[in-house]
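Some notes on the structure that comes next.
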Amino acid sequence: MKLFSSFQLGSLQLPNRVVMAPMTRSRAIGALPNDLMRTYYAQRASAGLVITEGVAPSPNGLGYARIPGLYARTQIERWREITDAVHAEGGRIFAQLMHTGRITHPLNQPDGARVLAPSAVRAAGTMYTDQQGPQPHAEPEEMTEDDLRATRDEFVQAARNAVLAGFDGVELHAANGYLLEQFLHPHTNRRTDAYGGRVEHRARFIAEVAEASASAIGAERVGIRLSPYSTYNDMPLHDEVDALYTTLVASLRGLAYVHLVANAHPGFGPLVRRLRDEYRGPLMLNGGYDLARASADVEAGRAELISFGRPFIANPDLVTRFERGAELASPRPELFYTPGPEGYVDYPAL
Ligand SMILES: Cc1cc2nc3c(=O)[nH]c(=O)nc-3n(C[C@H](O)[C@H](O)[C@H](O)COP(=O)(O)O)c2cc1C
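In numbering that gives the first Met the number 0, the protein residues as written are 0 to 349.
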């Protein structure tokens with residue numbers, strides 16, 4: 000089965016095409032990676048590639064309770080222990096750089112952090128906080144030119160820090176309604192400068208972050224995640240999705256991969272085919288996959304790589320189970336984001 004054949008991703012040789020999708024697990028007390036996380040990632044090292052949970056490139060990017068960062072020396076040192084453990088198990092690991100932008104609450108951020116977004120448009124809905132339970136999302140500040148520069152630099156520095164911490168690369172999180180996608184979308188981006196307005200302008204910030212990160216650590220070590228047609232995190236549908244993503248992806252040639260999160264919108268499938276022609280580089284697909292569909296998509300050349308989220312939570316040895324046709328364990332969603340080992344490192348391998 001082609002899904003279990005090796006794939007050359009830049010200079011990395013992946014032993015199979017089954018990728019562990021990025022998943023926030025909220026075990027990083029004080030935004031610091033720890034031993035529990037080391038165990039969790041080492042248990043899953045037989046994935047062709049592990050992509051970490053969303054990791055904040057700066058305190059401003061810490062939207063959720065207990066998510067890790069990659070901007071302070073101690074964070075880099077702790078991540079180093081995790082990447083060493085994954086490599087010792089024979090694995091490869093990318094850090095997902097996630098700046099949550101307006102999807103946050105000040106209680107989830109350290110003192111002095113700011114809630115930034117392309118425009119001052121508050122997200123509908125609530126954000127969970129450990130201190131006071133669910134709270135309305137914060138009202139973001141519209142980013143100034145200085146903020147744009149500083150935030151771009153934070154991504155670049157976090158990419159460098161990832162390399163220092165022993166990661167094989169980074170994935171820029173430009174999906175699911177977080178800061179980078181907030182630039183793309185007309186609902187969250189109402190700017191009238193060179194970063195707002197027509198699609199070329201709205202794609203500009205992401206393109207700049209991608210290009211600067213690629214020149215800092217090498218394009219073959221920078222992937223990107225996109226979720227066209229997703230409405231997650233208060234991103235209402237609009238009628239420029241195809242034009243927007245075609246324009247954006249054309250500016251991303253040379254990156255390690257483009258990672259697309261599938262959804263049920265009828266426009267998603269046709270857009271993927273268009274982006275595939277436009278992009279040429281490695282494509283990773285995600286969302287609701289099982290072995291049969293993953294294998295079919297890889298065989299048919301619709302994607303080089305398939306990432307699995309929830310199946311990896313309860314099946315640390317997912318690749319082996321797939322290869323043997325073994326039954327999969329089901330994850331316990333009530334323990335997805337709870338602190339501590341339960342529902343995290345206690346799912347056994349076969
Ligand atoms: C517990 C949990 C946490 C997640 N956290 C992230 C995240 O930090 N970054 C991200 O890009 N996607 C995140 N996702 C989305 C997954 O990467 C993936 O897109 C989704 O689970 C669909 O894939 P699946 O059907 O294989 O689970 C998360 C999903 C789950 C279940």
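We put the CB at the ideal spot given by N, CA and C, even for glycine.
Just so you know, these numbers come straight off a predicted model, no measurement behind them.
Pair within 8 Å by beta-carbon distance, residue i and residue j
i, j, result
"Asn-160", "Ile-75", "yes"
"Leu-96", "Leu-48", "no"
"Val-18", "Ile-50", "yes"
"Arg-358", "Phe-335", "Only positions 0 to 349 of the chain appear in this structure, which leaves residue 358 out of reach."
"Arg-273", "Arg-252", "no"
"Phe-166", "Thr-82", "yes"
"Ser-118", "Asp-316", "no"
"Pro-281", "Ala-255", "yes"
"Asp-241", "Gly-124", "no"
"Leu-31", "Thr-99", "no"
"Val-248", "Val-260", "no"
"Leu-61", "Ala-112", "yes"
"Ala-325", "Tyr-346", "no"
Residue i versus residue j: straight-line alpha-carbon distance, rounded
i, j, result
"Ile-305", "Tyr-288", "8 Å"
"Tyr-63", "Arg-26", "11 Å"
"Thr-191", "Pro-109", "31 Å"
"Ser-226", "Leu-183", "11 Å"
"Ala-149", "Pro-265", "38 Å"
"Pro-135", "His-104", "8 Å"
"Tyr-39", "Glu-199", "40 Å"
"Pro-21", "Ser-5", "21 Å"
"Ala-164", "Arg-331", "31 Å"
"Arg-309", "Gly-342", "12 Å"
"Arg-224", "Thr-246", "15 Å"
"Ala-173", "Arg-91", "22 Å"
"Pro-56", "Ser-212", "12 Å"
"Gly-9", "Asn-59", "31 Å"
"Asn-107", "Arg-79", "25 Å"
"Val-333", "Ala-193", "The residue asked about is misnamed: residue 333 is Glu in this sequence, not Val. Cα to Cα, Glu-333 sits roughly 43 Å from Ala-193."
"Glu-52", "Asp-238", "31 Å"
"Pro-269", "Tyr-70", "39 Å"
Proximity winner among the options, relative to residue i (alpha-carbon distances)
i, options, result
"Glu-138", "Asn-188, Ala-299, Ala-116", "Ala-116"
"Glu-141", "Gly-195, Thr-38, Leu-171", "Gly-195"
"Arg-77", "Pro-58, Ser-57, Val-318, Asn-33", "Asn-33"
"Gly-68", "Ile-102, Gln-156, Ala-122", "Gln-156"
"Val-221", "Tyr-231, Ala-209, Tyr-228, Ser-229", "Ala-209"
"Arg-197", "Leu-243, Tyr-231, Tyr-228", "Leu-243"
"Val-271", "Leu-290, Asp-296, Ala-291", "Asp-296"
"Gln-7", "Arg-189, Glu-303, Val-114", "Glu-303"
Taking three-plus beta-carbon pairs below 8 Å as touching, is the segment 81-92 in contact with the segment 206-219? no
For a minimum of 3 consecutive residues, which ranges assigned as the beta strand (DSSP E) are wholly contained in the segment 6-52? 6-8, 11-13, 17-19
Quick check: the segment 174-181 against the segment 124-134, are at least 3 beta-carbon pairs closer than 8 Å? no
In chain order, which alpha helix (DSSP H) runs of at least 4 residues are fully inside the segment 232-302? 240-249, 267-278, 290-298
What are the uninterrupted segments assigned as alpha helix (DSSP H) that are 4 or more residues long and contained completely in the segment 150-228, given in chain order? 178-183, 198-201, 203-216
If we require 3 or more residues per run, which beta strand (DSSP E) segments fall completely within the segment 61-126? 92-96
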